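Enquirer: Let me give you the structure first, and then I'll get to my questions.
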Amino acid sequence: MAELEGKRALVTGGAQGLGKAIAALFVERGAKVMIADIDEAGAKVTADELGESVRAIRCDVTQSSDLEAAVQATVDNFGGLDIMVNNAGIEVVKPLFHQTEEEFSRLMDINVKGVFLGMRAALAALPQPGGVIVNMASLAGLGGAPLFGSYCASKAGVVQLTRVAAVEMRPTGIRINAVCPAFIATAMVDRLKPIVTEVVGVPFDDLAALKQGRIGTPEEVAEMVAFLASDDSSFCTGGAYVLDGGLQAAML
Amino acid sequence: MAGLLEGKVAIVTGAAKGIGKAIAEAYAAQGATVVVSDIDEGMAKETASRIPGASAIACDVRSEEQVKSLVDQTVAQHGGLQIMVPNAGIGRPVPLLGMDYEEWRAVTSINLDGVFLCIRYGAPAIIASGGGAIVNICSITAQAGTPLIAHYSAAKAGVMSLTQTAAVELRAQGVRVNAVLPGFIETEMVTSVKGDFERMLGFPEGQFDQVIAMKQGRYGTTEEVAKMAVFLASDRSSFSNGSPFVLDGGCRASLL
Chain A
475 MAELEGKRAL VTGGAQGLGK AIAALFVERG AKVMIADIDE AGAKVTADEL
525 GESVRAIRCD VTQSSDLEAA VQATVDNFGG LDIMVNNAGI EVVKPLFHQT
575 EEEFSRLMDI NVKGVFLGMR AALAALPQPG GVIVNMASLA GLGGAPLFGS
625 YCASKAGVVQ LTRVAAVEMR PTGIRINAVC PAFIATAMVD RLKPIVTEVV
675 GVPFDDLAAL KQGRIGTPEE VAEMVAFLAS DDSSFCTGGA YVLDGGLQAA
725 ML
Chain B
431 MAGLLEGKVA IVTGAAKGIG KAIAEAYAAQ GATVVVSDID EGMAKETASR
481 IPGASAIACD VRSEEQVKSL VDQTVAQHGG LQIMVPNAGI GRPVPLLGMD
531 YEEWRAVTSI NLDGVFLCIR YGAPAIIASG GGAIVNICSI TAQAGTPLIA
581 HYSAAKAGVM SLTQTAAVEL RAQGVRVNAV LPGFIETEMV TSVKGDFERM
631 LGFPEGQFDQ VIAMKQGRYG TTEEVAKMAV FLASDRSSFS NGSPFVLDGG
681 CRASLL
């Protein structure tokens, strides 16, 4: 199940965190992976660590030319592109009206426009039918959360872009889905822990345990991405798939 | 590669045919020991006989005694239970204002009460076996109004709600509960009522298929539903709990 033998994938934001876990699992399942990251050095270190079937390229997802170059590099290195994972994203964690216009714009540029540009660049190379796009949204794209105002808005934007792109591209046989994780053990969550703890007044780990049982792992997110990237999910398109330990299901 | 469900014991209700049968086959292919349960004992036996390692147990999911007995027999025969798939369900088009209470109960007693009973008696056995997963077979009709199947849609919405509550209540005891929400799948249940839908909605013949093509591209297959059910029963979905897993070719993604 979910084998990705012979598939060629491009993962933005793949140097660390969720993107790195996705790249690692894809390799384990038989795929070749191009890691595209704004941190070029980090991308290269990760690519070296993951072995011969992984390459790295610098990519700023706010620049269409960077994404087009990343797609081209994937095609040049591996002979094609089958799976595009738009994973790169940033967070701003502070009360909504303390966020600056610059912070808001930059976050939207990376998290929303970056996904739009990533999908557009990939569509030029993805096979029809058979190409797959997986966009990294968030549970924050399906519900509001204090301190995550612009982040929630951006991830809701990713969910909606996914829906529209999926329906518009359906006749081509390209499938497009979104993944919506809750809090996962990544550097991003490590950064926001003290802020949430201070503002909410409850230790972050206690809050996470109460709401989602525990903090999820990047490997668990990668499994969901791998499922959506594989032919096992052939009737899934335009979906937003949640992994949150039960957070969204609970009223209290 | 080892199967994803190696060493697990699974009950699939309504497994003699259709989606349930496909799930039973896929689970067995992934190494699970499958109990094919169905109200039709003859067909359950027939289906089980074609699946390696599977056995059949007849069960009317409307009966508390029979569901209890299904779980008890499974545990007695196989030493435990890790996966429960309440899949048994029926559906047929009836206009809301022509629907009598008997018709309403005929559908809701199987599609909703039956799922409650499977969770109520399946979950303790799963907990006693060290944890596992419940995969409820729901429907995208749980999420939007669907003409002529008020009873079916309401029951499926109920199943989604049960999924959420069960997920939260059972989390600490190691039971994950998720729901599969298929769109229209090529099964006897769907193909046998196409003509009725067309007549009752005043559609010309063949329009049902056109609506499906427009909304979800094509019909899904039972195998596609089964692959989602495998993912949700396996450790690969270990952080998903209480969520809807839609497979509908994009139907729900579009307002139009």
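Those sequence lines, one after another, are chains A and B. Numbering-wise, the first sequence is residues 475 to 726 according to the working numbering. Numbering-wise, the second sequence is residues 431 to 686 according to the working numbering. Ideal Cβ placement from N, Cα and C applies to all residues, glycine included. Predicted model only: the values in this text are computed from it and were never measured.
1. With burial defined as no fewer than 16 other Cβ atoms inside 10 Å of the residue's Cβ, what is the status of ARG665(A): buried or exposed?
2. Within the 7 Å Cβ cut-off, does SER670(B) reach chain A?
3. Excluding the 5 residues flanking GLY623(A) on each side, which residues of the same chain have their C-beta closer than 7 Å to its C-beta?
4. How far does the beta strand (DSSP E) with TYR715(A) in it reach, from first residue to last?
5. If you reduce the DSSP assignment to three classes, tell me which class CYS654(A) lands in.
6. Determine contact between the segment 511-518 of chain B and the segment 478-486 of chain B, defined as no fewer than three beta-carbon pairs at a distance below 8 Å.
7. What would DSSP say about PHE675(B), mapped onto helix, strand or coil?
8. Could you tell me the distance, in whole angstroms, from the CA atom of VAL716(A) to the CA atom of GLU616(B)?
9. Could you list the residues in the segment 513-543 of chain A with a C-beta less than 7 Å from some C-beta on chain B, going in chain order?
10. Which chain B residues sit within Cβ distance under 9 Å of GLN771(A)?
11. Measuring straight from C-alpha to C-alpha, what distance separates ALA640(A) and SER708(A)?
12. Along chain A, which residues have their Cβ under 7 Å away from the Cβ of GLU654(B)?
13. Could you tell me the distance, in whole angstroms, from the CA atom of THR660(A) to the CA atom of THR691(A)?
14. Check each residue of the segment 625-645 of chain A: if its Cβ is closer than 7 Å to any Cβ of chain B, include it; give the result in chain order.
15. Among PHE627(B), THR652(B) and PRO523(B), which one has its Cα closest to the Cα of GLN640(B)?
16. Since LEU591(A) is in the alpha helix (DSSP H), which residue starts that stretch and which ends it?
17. ASP534(A) by DSSP, collapsed to three states: which one?
18. Starting from GLY687(A), find everything on chain B with Cβ-Cβ shorter than 7 Å and list it in chain order.
19. Roughly how many whole angstroms lie between the Cα atoms of ALA462(B) and GLU575(A)?
20. With three or more C-beta pairs closer than 8 Å as the rule, is the segment 603-613 of chain B touching the segment 692-706 of chain A?
21. Strictly under 7 Å for the Cβ-Cβ distance: is VAL716(A) near chain B by that measure?
22. Can you list, in chain order, the residues of its chain with a C-beta nearer than 6 Å to that of ALA517(A)? Leave out the 5 residues immediately preceding and following it.
23. Only counting the same chain, and skipping five residues up and downstream in sequence, which positions put a Cβ closer than 6 Å to that of LYS451(B)?
24. Can you give me the C-alpha to C-alpha distance between ARG700(B) and ALA440(B), rounded to a whole angstrom?
25. Using beta carbons (cut-off 7 Å, strictly below), is LEU435(B) in contact with chain A?
26. Got a sec? Which residues, its chain only, sit under 8 Å from LYS568(A) by beta carbon, not counting five neighbours each side?
27. Which two residues bound the contiguous beta strand (DSSP E) that contains ASP511(A)?
28. Taking DSSP as the reference, what is the three-state secondary structure of MET475(A)?
Expert: So, from the data block:
1. exposed
2. yes
3. LEU570 and GLN573
4. 714-717 is the span of the beta strand (DSSP E), which, as asked, contains TYR715(A).
5. strand
6. no
7. strand
8. 26 Å
9. none
10. Chain A is shown only over 475 to 726; residue 771(A) falls outside these bounds and no answer can be derived.
11. 13 Å
12. SER708 and PHE709
13. Whole-angstrom Cα-Cα distance: 8 Å.
14. If the cut-off is 7 Å between Cβ atoms, the segment 625-645 of chain A has ARG637, ALA640, VAL641 and ARG644 near chain B.
15. PHE627(B)
16. 588-597
17. coil
18. ARG601
19. 55 Å
20. no
21. yes
22. So the qualifying residues of the chain are ALA489, ILE509, ASP511 and ALA530.
23. ALA445 and THR477
24. The requested residue 700(B) is not part of the displayed model; chain B covers only 431 to 686.
25. Not closer than 7 Å to any Cβ of chain A, the Cβ of LEU435(B) fails to qualify, so no.
26. The residues are LEU621 and ILE669.
27. 506-511
28. For MET475(A), the predicted structure reports a pLDDT of 48, less than 50, and the residue's modelled location is therefore unreliable. A value from the coordinates is still provided. Three-state DSSP puts MET475(A) in coil, outside helix and strand.
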